[in-house]
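Its first residue numbered 5, the sequence shown is counted upward by one per residue in my numbering.
Backbone N, C-alpha and C fix where the C-beta goes; we use that ideal spot for every residue, glycine too.
Here's the structure we're looking at; comments come further down.
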Amino acid sequence: MTEQADRLSLYRRFRPQRFGEVVGQDLVVATLRRAVAGGKLGHAYLLSGQRGVGKTSVARILARAANCLAPEAGEPCNRCASCQRILHGLSLDVVEIDGASNRGVDQIRRLREEAAYVPAGSRYKVYIIDEVHMLTGEAFNALLKTLEEPPPHVLFIFATTEPHKVPATVISRCQAFEFQPIAEDAIARVLAAVAQAEGIVLAPAAAELIARRSRGALRDALVVLDQLGQAGAVTEEAVVDLLGLPPLSQVDGFLDALAGRDADRALAIVADLSTRGRDLALFLEEAATRARDRIIAGEPGLIPIARSLIDLRGELGRAFSRRLHVEMAIVALCGPPQGGAPRPAPTREANVPSSTPAPSSPPPPLGGDPPEAAAPGATPADPLTEAWQAMLESMLAERIAVAAFLSPAAVTWADGLLTIRLPPDCGYHYESLLDPAVRGYVETTARKFFNPLLAVEVAWAGGNHRPTLEEGARILAEALEGRILREGDDGSR
Ligand SMILES: [Zn+2]
């Protein structure tokens, strides 16, 4: 336990001293109280769960309850000589060990030797080993010998955030308890009670926000309250500032943009977040959480968006560039931007609007039209659009199907890289363009219209084809950073 008195003072002051005061672990404390009251304590307990959920508090309460001279229905009285000694850290019979810093076999051997002696004045000699998973294999083996034949007066209480790292042989000798993350409303209630006791004016919205961001860890929530409560009043804005959270209006704006397939607006929000150095992962978490709230409040249309946001958050860890990855996902969800959104880099882009003909359907309405009339909505003056249109028309005369596959694409041409990006509903188009013969034809033709042309990449922002999305982000990122993969000698097939 490495608590800094200053930062955790609120947490320490409001640490539960009885089982009945422990928040959110009803099953665990009820079972332990019954065991104490019935005189049926085991010799080893394993308390597992995420940090900040009360494992150490429960271990200490159990240590007192086991030794209490006047226990009350399984609760320690906290007044008898034994309870007082333990509460003041003066008991020789309750030993707390930090597994992270005392992880070697020597410490455990010493513990075993000590444990063999009867307690100095208590019923039990209690060893609380925090972060027990940090012990070395040798130390675990030494511990196991004691666990296999425990002296009757010894009580081991192990706590861990990572029970899967504790050997099964050790776990099988313990009564194991899994601590749950504490529910948000329970945390908010504790925050309100503590604030009242401390004379802190805590806005209900601020309490809810702190509770939500502490992810089930009451300790984290109290640390935030401690920091902000110094000023006497805690507002929602103060929490937003301290935790670097996006304002709710921006989160809602982002969800509305995705729901309305407004890529421009969604991309603008991402650009704004990036410019201000906001954490995109945190923003996605907020957006997903907010989407959940809105779904519960009656907006089922947000369900697929919430799913996508959760997936996207999971993918960010391995993304080449977080911002690009998010931008690609927005395009996948909304379709290509229509212009007006800030671009990630000075690239030129043209969207060639057209119907999206199935490969078997008649040629797309490109043939025969003069170039300037070929694409309604396109800017005829844009050299990229002109070149792309000219290329499609040339293909139309030679291979109609390939032109059809390409016609719904948005294209980018920067630093010699031509990126052909197909919208989400064009999976078949994409698959067809992956065919090496088709691909070779596209590259050869593109060289006639785009100069310099070092590489052609085809990306599809759609469906469950996640690798393509990542690939697209990577290609785009490489293009933006000028690191273009040159094609091999056979590139001009
Ligand atoms: Zn007592």
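Is any non-hydrogen atom of ligand 1 found closer than 8 Å to the C-beta of residue i, if you look at the structure I gave you?
i	result
residue 68	yes
residue 126	no
residue 41	no
residue 73	yes
residue 86	yes
residue 106	no
residue 178	no
residue 80	yes
residue 22	no
residue 83	yes
Taking the straight line between their C-alpha atoms, what separation do you get for residue i and residue j?
i	j	result
residue 213	residue 239	10 Å
residue 76	residue 83	11 Å
residue 313	residue 251	18 Å
residue 177	residue 143	16 Å
residue 300	residue 266	23 Å
residue 269	residue 249	20 Å
residue 437	residue 449	14 Å
residue 242	residue 256	20 Å
residue 422	residue 394	15 Å
residue 298	residue 409	38 Å
residue 461	residue 452	16 Å
residue 247	residue 275	20 Å
residue 59	residue 110	26 Å
residue 128	residue 79	16 Å
residue 277	residue 419	27 Å
residue 332	residue 417	17 Å
residue 161	residue 63	6 Å
residue 31	residue 148	27 Å
residue 444	residue 283	41 Å
residue 222	residue 201	17 Å
residue 67	residue 179	15 Å
residue 430	residue 336	11 Å
residue 57	residue 91	20 Å
residue 73	residue 307	56 Å
residue 97	residue 124	6 Å
residue 174	residue 139	12 Å
residue 20	residue 235	25 Å
residue 294	residue 414	32 Å
Among the candidates the options, whose CA atom is the shortest distance from the CA of residue i?
i	options	result
residue 208	418, 282, 196	196
residue 157	44, 424, 278, 448	44
residue 311	259, 342, 109, 278	259
residue 94	126, 14, 206	126
residue 184	452, 27, 155	27
residue 172	145, 244, 154	145
residue 48	73, 15, 292, 130	130
residue 292	316, 227, 337	316
residue 327	420, 271, 318	271
residue 50	427, 119, 163	163
residue 15	335, 445, 400, 226	226
residue 55	115, 182, 17	182
residue 320	295, 286, 294, 342	286
residue 441	428, 406, 426	406
residue 1	61, 52, 262	In the structure as shown, the chain starts at 5 and stops at 497, and residue 1 therefore has no counterpart that could be examined.
residue 203	402, 118, 69, 237	237
Buried or exposed for residue i, please, with buried defined as at least 16 other CB atoms from any protein chain shown within 10 angstroms of its CB.
i	result
residue 435	exposed
residue 339	buried
residue 253	exposed
residue 121	exposed
residue 89	buried
residue 71	buried
residue 390	buried
residue 585	There is simply no residue 585 to check, as the chain begins at 5 and stops at 497 in what is shown.
residue 205	exposed
residue 29	buried
residue 439	exposed
residue 2	This structure gives no information on residue 2, because the portion of the chain shown stretches from 5 to 497.
residue 34	exposed
residue 456	exposed
residue 279	exposed
residue 412	buried
For a cutoff of 9 Å on Cβ pairs, would you count residue i as touching chain D?
i	result
residue 96	Checking the listed chains, one finds no chain D in this structure; it contains a single protein chain.
Determine, using beta-carbon pairs with one atom in the region 215-226 and one in the region 183-191, whether at least three such pairs fall under 8 Å.
Yes, the region 215-226 touches the region 183-191.
Exercise. So, do the region 91-106 and the region 129-136 have three or more beta carbon pairs nearer to each other than 8 Å?
Worked result: Contact holds: three or more Cβ-Cβ distances are below 8 Å.
Q: Could you say if the region 22-40 and the region 157-170 meet the contact criterion of at least three C-beta pairs nearer than 8 Å?
A: Contact between the region 22-40 and the region 157-170 is absent: fewer than 3 CB-CB pairs across the two stretches fall below 8 Å.
| request: Indicate whether the contact test is met: 3 or more Cβ pairs, each with one atom in the region 291-308 and one in the region 231-238, closer than 8 Å. | output: Output reads no: the region 231-238 does not touch the region 291-308.
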